[in-house]
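Student: One structure, as C-alpha cells, below. Some questions next.
Here it is, written out as C-alpha cells:
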C-alpha cells in the first residue's frame, strides 16, 4: 500500500512512514544513553554483588547497545545489536525490547548460573562507597566482609495512612497500612524508602506516619490476632495440657462456682473459670480432665519407651534409631581400620578422605572380598558436590554414597555402572578383583580392547534458552586412564548438526573393560565462548557393540530426553586379535618378498613359474572371503 492506494468510501491514501516504536527502556533506571565502558565498570565496582547489571548505548553507534553485569566476581560485557524492530543478543537470541530482555534474564541465567538481580541505578551507585582496590573487580573472592555485601541502610520504618499511586517511575505505589522500610527523610515533603521490591523510591511524607519499636510489636501482635479464629474476642490462650485442675465448690472472688487451672511449669500462675451453672462446670471439667489425662498418658508412655531404649542400648551398645535402619549388617565403628579380623555380617563406613591408603590397599581388598564397606561424602561438601567414585570401586568398595541432588559426571558414572544386570541395583564384583595379583594402582597394564569412534551427527538437541544452539560433542573414556576427544562446533544448528571432521575415527585404549565407561557429552558454545551442558549418555564399555549406533541422550540426572540422539560409528576390537592380524600380514609380506627375490634374476624361470604366486594369491583370497563371511554371519 505504499505504491497502491488504499481505497475506502470516503478517502484514498498511501502508506508513507511507519509509526516509530516506543522505547520503554528510556524510562528505566538501569539504562544509560551516555556511558562509556570504563564508567560502566566503575559503577559495577561500587556494587560487589553477582547479578548487578546495567545496559548502555555504545559510543558512536545508534543501534548498538551493551549489557554490563557482574558474575563470578568479574565484570562481563555482551553486545546487543538492534536489527530492525528486534534486539539481538549474541547472534541468535531475539527480543522485542530491552525491557523484555531484562525480564527474561531475571528468570533465566545469562552467564552460567548468574541471573540479572540488581539494576544499577544512579541512586544505588550513590549509596555504595567506592572500593579502594580496583583489582577486586577482576579477582574471584569466595568470602567477603558483611559490610561489603550490604551496607547497613537506615532502619526507619513508616506506616501508610492513605494509599498512593505513583505518577512517575521514581515513585512508590502503596496501599493503606503498608510498611515502608529504610526511610530517608529529604526536604520538600518527599521521602525515600523501600517497598514492594523497589529500593529508595520517592513517596509523599504527609501520607505516612513513623512507626516506633513498640508500634512494630503491636503490629505483629495484631497480625497474630488476625490469624486467630476468635479475632478480637480472644484475649489470650492457655495450654490446658500443662495445667492441674481444681474445683472450688465454695466459690472464689464473689463467684459461687469456680474452676481453677494451675500451670505446672509456673507455680504462681492460676487461671479461674466461673461457669454460670453446675452442669456447665462439670462439662468444662470433663473436657479439661480428658486433655490433661491424655498428656499424662503420653508422658508416661514416652518415659517407658526411653527406659526400654536405654536398657537395649546399654546391652547392644548401639542406638535404637540406628539399629532400626540396619537390616542385614551390623555397623562397626571401633577399630574399623584394623583388617586382621572381620565378619561377613558387618559393614564399615569411611569418609571419602579417610579410606585406607595405598600402603594398605591389599588388606582393604582382602576385606572387601568377604565383608562390606561404605564410603560417604565428607562434611565440607556444603554445596552437595561429589567425589570421584572410581578409586573406591577399584579397591572393591560395595556402597559408594553420592549426593544425587547434584547432576554431574560422577552420578552419571554411577547410573551407568548400575544399568548393568537389568538395572536391579546390584552388580557382581569383577572376577579379576578377587585375584591375589590384582593391584588397582599398577601403572603398566595389558591392553584388552581398542575402540574407534566417529561422531557423525545428532538430532533434536534440547534448547535451554531462546537462542539457537551451537553444539559440539565431547567423547570421554573414563577408567584406569582418562582420554577425551572434542568435535568442532556446528554453529546455529541444534536440530540436526553434522560433524564432517575429522575424517579418521578417534581411537581409545581400554585396560579394564569391567570398570571402564564411555561418556558422550553434548555441550553448546554460548556467546561468551563457554560450554553449557545440553545432554549426555554414559555407558559401561562391557555392554558396547560395534557398528553404526543411534545413542539415546539423557539429561544431567540420567533421565531420557525425547527424540534426542547421537549417530556414531564404533568399532571395538580385542587387542590380541589386532596384533595377530598385524603379525600375519607382516609374515605374508615377508614371504612375498622372498619369492620375488628368488625369481628376480631368472626371467625365463620367472615367466614359467609366474602361475605359482597367482595360485597362492587366489587361494589366500578365498581364505579371506571365508573369514569375512564368518565375521558378518
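In the working numbering, the protein residues as written are 54 to 686. In this text, a Cβ means the ideal position worked out from N, Cα and C, and glycines have one as well. This structure is a prediction, so every number in the text was calculated from the model and none was measured.
Drop a sphere of 10 angstroms on the beta-carbon of residue 453, count the other beta-carbons inside from all chains shown, and report buried for 16 or more, exposed for fewer.
Tutor: Along the chain shown, one-based indexing puts residue 453 at 400. By the neighbour-count rule (16 or more Cβ atoms within 10 Å), residue 453 is buried.
Student: Counting along the chain, where does the beta strand (DSSP E) carrying residue 525 start and finish?
Tutor: Stepping through the chain shown from its first residue, residue 525 is reached at position 472. Where residue 525 is concerned, the enclosing beta strand (DSSP E) stretches over 524–531.
Student: With 16 as the cutoff for other CB atoms within 10 Å, does residue 457 come out buried or exposed?
Tutor: What you label residue 457 is simply residue 404 of the chain shown in a count that begins at 1. Per the 10 Å Cβ criterion, exposed.
Student: Given that a residue counts as buried once 16 or more other Cβ atoms are within 10 Å of its Cβ, and exposed if not, what is residue 358?
Tutor: Position 305 of the chain shown holds residue 358. Under this definition residue 358 is an exposed residue.
Student: Going by beta-carbon coordinates alone, are residue 427 and residue 404 separated by less than 8 Å?
Tutor: As a working mapping, residue 427 is identified with position 374 in the chain shown. As a working mapping, residue 404 is identified with position 351 in the chain shown. No, the Cβ-Cβ distance between residue 427 and residue 404 is not below 8 Å.
Student: Rounded to a whole number of angstroms, what is the C-alpha to C-alpha distance between residue 368 and residue 491?
Tutor: Here residue 368 refers to the residue found at position 315 of the chain shown. Here residue 491 refers to the residue found at position 438 of the chain shown. Their backbone Cα atoms lie some 42 Å apart in a straight line.
Student: Taking the runs of the alpha helix (DSSP H) that are 4 residues or longer, which of them lie wholly in the region 452–498?
Tutor: Listed in chain order, they are 462–470.
Student: Please check the pair residue 478 and residue 161, which I expect to be a contact at CB under 8 Å, by giving their CB distance rounded to whole angstroms.
Tutor: As a position in the chain shown, residue 478 is number 425, starting the count at 1. As a position in the chain shown, residue 161 is number 108, starting the count at 1. Not confirmed; about 36 Å, so no contact.
Student: Determine the closest residue to residue 621 out of 244, 371, 512, 290, with distance taken between C-alpha atoms.
Tutor: If you number the chain shown from 1, residue 621 lands on position 568. Ranking the options by Cα distance to residue 621, first place goes to 512.
Student: How close, in whole Å, do the beta carbons of residue 520 and residue 542 come, if the pair is a contact with beta carbons under 8 Å?
Tutor: Working through the chain shown from its first residue, we reach residue 520 at position 467. Working through the chain shown from its first residue, we reach residue 542 at position 489. No, residue 520 and residue 542 are not in contact; Cβ-Cβ is about 14 Å, not under 8 Å.
Student: Could you compute how far the alpha carbon of residue 59 sits from the alpha carbon of residue 71?
Tutor: Along the chain shown, read from residue 1 onward, the residue named residue 59 stands at position 6. Along the chain shown, read from residue 1 onward, the residue named residue 71 stands at position 18. Rounded to whole angstroms, residue 59 to residue 71 spans 15 Å at the Cα level.
Student: Taking DSSP as the reference, what is the three-state secondary structure of residue 237?
Tutor: Here residue 237 is taken as the residue at index 184 of the chain shown, counted from 1. Strand, per DSSP.
Student: Check this for me: beta carbons of residue 560 and residue 503, under 8 Å apart or not?
Tutor: For the purposes of this step, residue 560 is taken as the residue at position 507 of the chain shown. For the purposes of this step, residue 503 is taken as the residue at position 450 of the chain shown. Yes, Cβ-Cβ distance for residue 560 and residue 503 is below 8 Å.
Student: Look at residue 250 and residue 174 and say whether their C-beta atoms are less than 8 Å apart.
Tutor: Reading the chain shown from its first residue, position 197 is the one you call residue 250. Reading the chain shown from its first residue, position 121 is the one you call residue 174. No. Outside cutoff.
Student: Quick one: give me the first and last residue of the beta strand (DSSP E) that residue 617 is part of.
Tutor: The sequence position of residue 617 within the chain shown is 564, counting from 1. Counting along the chain, the beta strand (DSSP E) containing residue 617 begins and ends at 613–627.
Student: Examine the Cβ distances between the region 434–454 and the region 581–589 and report whether three or more of them are shorter than 8 Å.
Tutor: Contact between the region 434–454 and the region 581–589 is absent, because fewer than three Cβ pairs lie under 8 Å.
Student: Which residues in the same chain have their Cβ closer than 7 Å to the Cβ of residue 74, if we skip the five residues on either side of it in sequence?
Tutor: Indexing the chain shown from 1 puts residue 74 at position 21. Taken in chain order, the residues that qualify are 138.
Student: Using the Cα positions of residue 549 and residue 148, report the straight-line distance between them to the nearest angstrom.
Tutor: One-based indexing of the chain shown puts residue 549 at position 496. One-based indexing of the chain shown puts residue 148 at position 95. In a straight line, the C-alpha of residue 549 is about 25 Å away from that of residue 148.
Student: Report the three-state DSSP secondary structure of residue 387 (helix, strand or coil).
Tutor: Position 334 of the chain shown, counting from 1, holds the residue named residue 387. In this structure, residue 387 counts as coil in the three-state DSSP scheme.
Student: Near residue 397, what residues of its chain come up, given a Cβ to Cβ distance below 7 Å and the 5 sequence neighbours on each side ignored?
Tutor: Numbered from its first residue, the chain shown carries residue 397 at position 344. Correct list, in chain order: 423, 424.
Student: DSSP beta-bridge partners for residue 504?
Tutor: Locating residue 504 in the chain shown gives position 451, counting from the first residue. For residue 504, which the question treats as bridged, DSSP gives the partners 561, 625.
Student: What did DSSP end up calling residue 603 once you bin it into helix, strand or coil?
Tutor: Mapped onto the chain shown, residue 603 falls at position 550. Of the three classes helix, strand and coil, the one that applies to residue 603 here is strand, per DSSP.
Student: Just to confirm, are residue 545 and residue 146 a CB contact at a threshold of 8 Å?
Tutor: Within the chain shown, numbered from 1, the residue matching residue 545 stands at position 492. Within the chain shown, numbered from 1, the residue matching residue 146 stands at position 93. No, the Cβ-Cβ distance between residue 545 and residue 146 is not below 8 Å.
Student: Tell me whether residue 593 sits in a helix, a strand or coil according to DSSP, three-state version.
Tutor: Stepping through the chain shown from its first residue, residue 593 is reached at position 540. Note: residue 593 maps to strand in three-state DSSP.
Student: On the CB-based measure, 16 or more other CB atoms within 10 Å of its CB, does residue 222 come out buried or exposed?
Tutor: The residue given as residue 222 occupies position 169 in the chain shown. That one is exposed.
Student: Alpha carbon to alpha carbon, what distance is there between residue 469 and residue 128?
Tutor: Sequence index remark: in the chain shown, residue 128 carries index 75 (1-based). Sequence index remark: in the chain shown, residue 469 carries index 416 (1-based). The straight-line gap from Cα to Cα measures roughly 39 Å.
Student: Would you mind reading off the limits of the beta strand (DSSP E) that contains residue 140?
Tutor: The residue you call residue 140 lines up with position 87 of the chain shown. It spans 139–142 - the beta strand (DSSP E) in which residue 140 sits, taken as one unbroken run.
Student: Between residue 467 and residue 431, how many whole angstroms is the CB-CB distance? I'm expecting something under 8 Å.
Tutor: For the purposes of this step, residue 467 is identified with residue 414 of the chain shown, where counting begins at 1. For the purposes of this step, residue 431 is identified with residue 378 of the chain shown, where counting begins at 1. In fact, because the Cβ distance is near 18 Å, the residues do not count as touching under 8 Å.
Student: Comparing alpha-carbon positions, which option in 451, 495, 509 lies nearest residue 482?
Tutor: Position 429 of the chain shown, counted from the start, is the residue given in the question as residue 482. Checking every option, the nearest Cα to that of residue 482 belongs to 451.
Student: Using the rule of at least 16 other Cβ atoms within 10 Å of the residue's Cβ for burial, across every protein chain shown, is residue 67 buried or exposed?
Tutor: Locating residue 67 in the chain shown gives position 14, counting from the first residue. Per the 10 Å Cβ criterion, exposed.
Student: Relative to the C-alpha of residue 211, which residue among 226, 225, 234, 219 is closest?
Tutor: In the chain shown, residue 211 corresponds to position 158, counting from 1. The candidate whose alpha carbon is nearest that of residue 211 is 234.
Student: So, under 8 Å CB-CB, residue 564 and residue 498 are touching, yes? Tell me the CB distance rounded to an integer number of Å.
Tutor: Start at 1 with the first residue of the chain shown, and residue 564 comes out as number 511. Start at 1 with the first residue of the chain shown, and residue 498 comes out as number 445. 4 Å between Cβ atoms; contact.
Student: Figure out for me which residue from 594, 177, 262 has the closest Cα to the Cα of residue 214.
Tutor: What you label residue 214 is simply residue 161 of the chain shown in a count that begins at 1. Among 594, 177, 262, the Cα nearest to that of residue 214 belongs to 262.
Student: How about residue 344 and residue 294: do their beta carbons lie closer than 8 Å?
Tutor: Here residue 344 is taken as the residue at index 291 of the chain shown, counted from 1. Here residue 294 is taken as the residue at index 241 of the chain shown, counted from 1. Yes; because the gap between Cβ atoms is below 8 Å, this pair is in contact.
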